[in-house]
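**Q** Residue numbers -24 to -1, 1 to 101, in mature numbering (1 follows the signal peptide of the UniProt record, and there is no 0), belong to the letters of the sequence shown in order.
Using N, Cα and C, we set each Cβ at its ideal position, and we do this for glycine too.
Structure incoming, see below.
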Amino acid sequence: MTARRWVGLVSGLLFLLVACGTSGTPGSVVTVTATTVTTVTAAPSSAQPSVQSGVVPNVVGMNHQLAQDTMQAAGFYNLAEEDATGQGRLLINDRNWVVVTQTPAGGTHAAPDTKITLRSKKIGE
């Protein structure tokens, strides 16, 4: 529960207690103590973390699933895939495909958010 909700809840309960009142004698003194809770949250840092470039693995010749796993293990998660035959087929079962080209090429340096395109064909084609 947030601090504002707590304060609202405590204030509401105090109001109900005072509004309902008691059947005390007129002129009696009732002391009510309210507590305020303040929560301080640190603002996120505006400093950008330094982006380190990495070496793009060469995955040409690997089955498509292993190629994706290799790219992710190297820190590259922005992956795209294409049917290298030009037929526009979807790579449903990645293990039935083999990578024939990749962009950027293996061995080049790239930032972790670089889009890497793997062009594959079905095994045996």
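1) Let me know the secondary structure DSSP gives N34 once reduced to three states.
2) Find out if the Cβ-Cβ distance for the pair V76, K98 is shorter than 7 angstroms.
3) When you compare each of L(-11), T17 and V16 to A10 by their alpha carbons, which one comes out closest?
4) Which residue or residues does DSSP assign as beta-bridge partners of L55?
5) Mind checking R71: buried by the 16 CB within 10 Å criterion, or exposed?
6) List the residues that DSSP assigns as beta-bridge partners of N39.
**A** Concretely, from the data shown:
1) The sequence position of residue 34 within the sequence shown is 58, counting from 1. DSSP places N34 in coil when its eight states are reduced to three.
2) Mapped onto the sequence shown, residue 76 falls at position 100. Mapped onto the sequence shown, residue 98 falls at position 122. Going by C-beta atoms, V76 is not nearer than 7 angstroms to K98.
3) The sequence position of residue 10 within the sequence shown is 34, counting from 1. Comparing Cα-Cα distances from A10 to each of L(-11), T17 and V16, the minimum goes to L(-11).
4) Position 79 of the sequence shown, counted from the first residue, corresponds to residue 55. According to DSSP, L55 bridges with I92.
5) Here residue 71 refers to the residue found at position 95 when the sequence shown is read from its first residue. Under this definition R71 is an exposed residue.
6) The residue given as residue 39 occupies position 63 in the sequence shown. Partner(s): V74.
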